[in-house]
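Enquirer: In full-length UniProt numbering, the protein residues as written are 1 to 124. Glycine included, each C-beta is placed from N, C-alpha and C at the ideal position.
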């Protein structure tokens, strides 16, 4: 999705690339930690000079990984907005999540996180 506020990209895991000048990059990932039985997500913002701006991790409990990664993206975009960043490239290895946002796949719209992401990404 390429609009005035956000650009979404799928990480092909071949090579990380810095965002273009005056953009920031939000990298996200999630995992199921079987030791604690919870889903854990994390993300970080970097600038075009590859400088780390802010990062965070969060344990979300017993929820689906897809839902956790959607929440991670939602929280990351809110964090970027709160810090005044309006040109945000999102990189995530969950192609289904990215495709769901691009195409508005309704199968996942029952998740509050997907509803919020659709609202955030559709802003002009």
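Rounded to the nearest angstrom, how far is the Cβ of residue 25 from that of residue 41, given a contact under 8 Å?
Expert: Locating residue 25 in the chain shown gives position 25, counting from the first residue. Locating residue 41 in the chain shown gives position 41, counting from the first residue. Wrong, their Cβ atoms sit about 17 Å apart, outside the cutoff.
Enquirer: Using alpha carbons as the reference points, say which of 18, 44 and 61 lies closest to residue 53.
Expert: The residue labelled residue 53 in the question sits at position 53 within the chain shown. Cα-wise, what sits closest to residue 53 is 44.
Enquirer: For residue 114 and residue 67, I'd like the C-alpha separation in whole angstroms.
Expert: Mapped onto the chain shown, residue 114 falls at position 114. Mapped onto the chain shown, residue 67 falls at position 67. Taking the straight line from one Cα to the other gives about 8 Å.
Enquirer: Who are the Cβ neighbours of residue 63 in its own chain at under 7 Å, not counting the five residues just before and after it?
Expert: Locating residue 63 in the chain shown gives position 63, counting from the first residue. Cβ within range, chain order: 39.
Enquirer: Would you identify the three-state DSSP class for residue 29, choosing helix, strand or coil?
Expert: Within the chain shown, residue 29 is the residue found at index 29, counting from 1. Three-state DSSP puts residue 29 in a strand.
Enquirer: Have a look at 20, 19 and 61 and flag the residue whose alpha-carbon is nearest the alpha-carbon of residue 34.
Expert: Within the chain shown, numbered from 1, the residue matching residue 34 stands at position 34. Cα-wise, what sits closest to residue 34 is 61.
Enquirer: What are the boundary residues of the alpha helix (DSSP H) that residue 82 is part of?
Expert: The count along the chain shown starts at 1 and reaches residue 82 at position 82. First-last of the alpha helix (DSSP H) with residue 82: 65-82.
Enquirer: Helix, strand or coil for residue 92, going by three-state DSSP, please let me know.
Expert: In the chain shown, residue 92 corresponds to position 92, counting from 1. Strand.
Enquirer: Could you tell me if residue 30 is buried or exposed, where buried requires 16 or more neighbouring beta carbons within 10 angstroms of its beta carbon?
Expert: Stepping through the chain shown from its first residue, residue 30 is reached at position 30. Residue 30 comes out buried.
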